[in-house]
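Below is one structure; the comments refer to it alone.
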Amino acid sequence: MLTISLTEYLYWAIFRCKGEYINDSLETAGVCITEVSIHMTQRQMVIFTLLYFLSRLIFYPLILRGEEGIFANIFLYYPPGPEYSQVGRLGGVTIYTLIEHPALIYEVLRHWGMLVNWLVDYSSWPDLWLTILARFSYSLFEYVVWLALIIAWRHLRRDTQPDSMPGEKYKVLLFYCLAVWPASLLNTTNINIDASVGVLTAGLFSVVIFLFSSPKLPSSGLYLLLFFASFFVGFGKNEISLVLLMAIGMCGICLYLGRILKINTVGSAGLLPVMVIAIVGNIAGNYFNYSFDPVNYIAGFNVIHVRSSQTGILGTGGVWIWVKMFLDRLPFIFIHLILWFLSAKRVIRDYNKVKFPALLSFLYGSALFFGYFISYAEVGSRYFEPALAVLMISFLLLHPQLDFSCQGRKWFGYFFILCALHSSAEIISTGVRVLNRPSLLQTRFEIPAEVKDTGCIPILEQADAFYRLDIDYVAYESLRPLVEAQGKKLCPISFTNR
201 MLTISLTEYL
211 YWAIFRCKGE
221 YINDSLETAG
231 VCITEVSIHM
241 TQRQMVIFTL
251 LYFLSRLIFY
261 PLILRGEEGI
271 FANIFLYYPP
281 GPEYSQVGRL
291 GGVTIYTLIE
301 HPALIYEVLR
311 HWGMLVNWLV
321 DYSSWPDLWL
331 TILARFSYSL
341 FEYVVWLALI
351 IAWRHLRRDT
361 QPDSMPGEKY
371 KVLLFYCLAV
381 WPASLLNTTN
391 INIDASVGVL
401 TAGLFSVVIF
411 LFSSPKLPSS
421 GLYLLLFFAS
431 FFVGFGKNEI
441 SLVLLMAIGM
451 CGICLYLGRI
461 LKINTVGSAG
471 LLPVMVIAIV
481 GNIAGNYFNY
491 SFDPVNYIAG
501 FNVIHVRSSQ
511 TGILGTGGVW
521 IWVKMFLDRL
531 PFIFIHLILW
541 FLSAKRVIRD
551 YNKVKFPALL
561 SFLYGSALFF
571 GYFISYAEVG
581 SRYFEPALAV
591 LMISFLLLHP
601 QLDFSCQGRK
611 WFGYFFILCA
621 LHSSAEIIST
631 GVRVLNRPSL
641 LQTRFEIPAE
651 VKDTGCIPIL
661 EQADAFYRLD
671 IDYVAYESLR
681 PLVEAQGKKL
691 CPISFTNR
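Going by this note's numbering, the first residue of the sequence shown is number 201, and it counts up by one from there.
Here it is, written out as structure tokens:
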């Protein structure tokens, strides 16, 4: 079997600029293109998996911070709703409050934790291994999406002509970049809902849409899968469903107008049943989410309203604040912008050939990305993680074959090298920081001497005390009245960010 290394990939990308370079190599080796395609796909999946998890090893044992404690608690100890958010503990009684996002996000995390606990009894594990388990388990969400996409991509390649091997190599390298992209390294090992359930809901739906690009007629089973995938999107944040419905509507309008105006007569074929099933499934999922917990579901829309009205560039005009935020985000959303610009260019240039799976995923990924892009609420790149999966899918659909010029191949090669350097720098710098500061690894929190001496109630991060039934604390200074109502005194200083 032909062995093709990562070094050779980059060699082809940057230096080989004449002729059918890969076909020449394969013919010299006497290997059938179809056979190589199948075998290489299996090897690619193994390489991708190794890259994904090995690159994250240094991040798994890092100490939990802040609100990570809320989500770690839901996963490890699965408190019942509707009050999922731990905000303190007084008199040994843990205090919970509404979490102000749809409850089924956290039910997914609760039941995932129950399954892991059924598989592995971690009740007596030390703090360090609990943190590793929690971070590893959260990182599996995005891995499942990438794995599903790779399998779907492999399935689609079997249904199409295997004559695009040069372009396939670039796509493989792009998957490798996604496995180790610095933002994903941080977001998937940070315990949060956007890079876990958020990626899972939006990503799996888009993978199903990807399957509709097969030249074979869709089966009843695929339509059923579409219904459940769109139903599952309703389990996520309100905005993930909201922009999906908007994207479906916009996709339908664009393609049917294109058909009427005769500028795209092929794109709308098969769209109507997909639109109907996706809309019905998503509305049903949202209704189930609302019925399960109407208070948290409605609160999710209130959060959207507050953030868009107070920190959205369109609503406040805070241009310079946004520019600074954009520059802070740029190293992490650079790959989003590349995928979006390449896909947008293809949509504009070849609109007459664009079919609904490609246009729908492009519009959905664009809406997920720019909905947060125009906000300057937080630098956190985790909000952009669901968009990354969807934009990658739209890129694959809009570029079934990559036929680059010599210059184009060089630019792609430079991008891959830049990604490798950026990812390596993130991993190495984290390793160096851990060596210099072993306190960055998870350790058991010790109550400060001031608290022991005075008996005051400390302000702590949830990450320090969510599982410590022996520690009374509050997470926010605003809980002072609750502390004083119990005849206790709040400590004069905060012990957060230790």
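We put the CB at the ideal spot given by N, CA and C, even for glycine.
For Tyr497 against Pro261, the beta-carbon gap comes to about 36 Å, at or over 8 Å, which does not count as contact. Between Glu307 and Thr297, the beta carbon gap of about 17 Å keeps them out of contact (Cβ cut-off 8 Å). Where Val466 is concerned, there is no enclosing alpha helix (DSSP H), because DSSP gives it neither an H nor an E. In this structure, the alpha-carbon of Gln242 lies about 36 Å from that of Leu445. Bridge partners of Gln286 according to DSSP: Tyr296. Closest option to Leu254, judged by alpha-carbon separation, among Ala447, Ser624, Lys371: Ser624. Across the set Leu315, Leu442, Arg633, Phe612, the C-alpha of Leu442 shows the shortest separation from the C-alpha of Ile504. Runs of the alpha helix (DSSP H) spanning 4 or more residues and lying entirely within the stretch 564-640 occur at 585-598, 606-636, in chain order.
DSSP places Pro473 inside the alpha helix (DSSP H), whose first and last residues are 471-492. With three or more CB-CB distances shorter than 8 Å, the stretch 388-395 counts as touching the stretch 267-276. For the set Tyr252, Ile263, Thr249, Gly421, the Cα lying nearest the Cα of Phe645 is the one of Ile263. In the DSSP assignment, Ile693 falls within the beta strand (DSSP E) that extends over 690-694.
Gly485 is a Cβ neighbour of Phe435, given a cutoff of 8 Å.
Counting every other CB atom within 10 Å of its CB across the protein chains shown gives Asn438 a total of 16 or more, marking it as buried.
Excluding sequence positions up to five before and after Gly467, its CB lies within less than 7 Å of the CB of Leu455, Gly458, Val554, Lys555, Phe556, Leu559, all in the same chain and listed in chain order. Shortest Cα-Cα distance from Val399 to any of Trp520, Val293, Gly565 involves Gly565. Counting along the chain, Pro658 sits inside no alpha helix (DSSP H); it lies in the beta strand (DSSP E) bounded by residues 657-659.
By alpha-carbon distance to Tyr252, the top candidate from Val506, Leu374, His311 is Leu374.
Note on geometry: alpha-carbon atoms of His622 and Lys524 lie some 21 Å from one another.
Per the DSSP secondary-structure output, Leu262 pairs in a beta bridge with Leu641. Across the set Asp672, Glu368, Gln642, the C-alpha of Gln642 shows the shortest separation from the C-alpha of Asp327. Assignment of Val674 by DSSP, reduced to helix, strand and coil, places it in the strand class. The beta carbon of Leu356 sits closer than 8 Å to those of Phe410, Leu411, Ser413, Ser414, all from its chain and outside the five residues before and after it, given in chain order. Under the 8 Å Cβ criterion, the stretch 676-695 counts as touching the stretch 285-294, having at least three qualifying pairs. At a Cβ-Cβ threshold of 8 Å, Ile483 and Phe427 do not count as neighbours. Non-local C-beta neighbours of Phe695 in its own chain, meaning closer than 7 Å and more than five positions away in sequence, comprise Pro648, Pro658, Ile659, Leu660, ordered along the chain. Residue state for Glu650 is assigned as helix, using DSSP reduced to three classes. With a contact defined as Cβ atoms closer than 8 Å, Ala447 and Leu563 qualify at about 4 Å. One Cα belongs to Ile671, the other to Pro280, and the distance between them is close to 21 Å. Here the C-alpha atom of Leu597 lies approximately 15 Å from the C-alpha atom of Cys451. Taking a 10 Å sphere around the C-beta of Leu618, we find fewer than 16 other C-beta atoms and assign the residue as exposed. Sequence-distant partners of Arg637 (beyond 5 residues in either direction) whose C-beta falls short of 6 Å from its own C-beta are missing from its chain. For Ile533, same chain residues with a beta-carbon under 6 Å away, outside a window of 5 residues either side, are Phe584 in chain order.
In the displayed model, Pro557 falls within a helix according to three-state DSSP.
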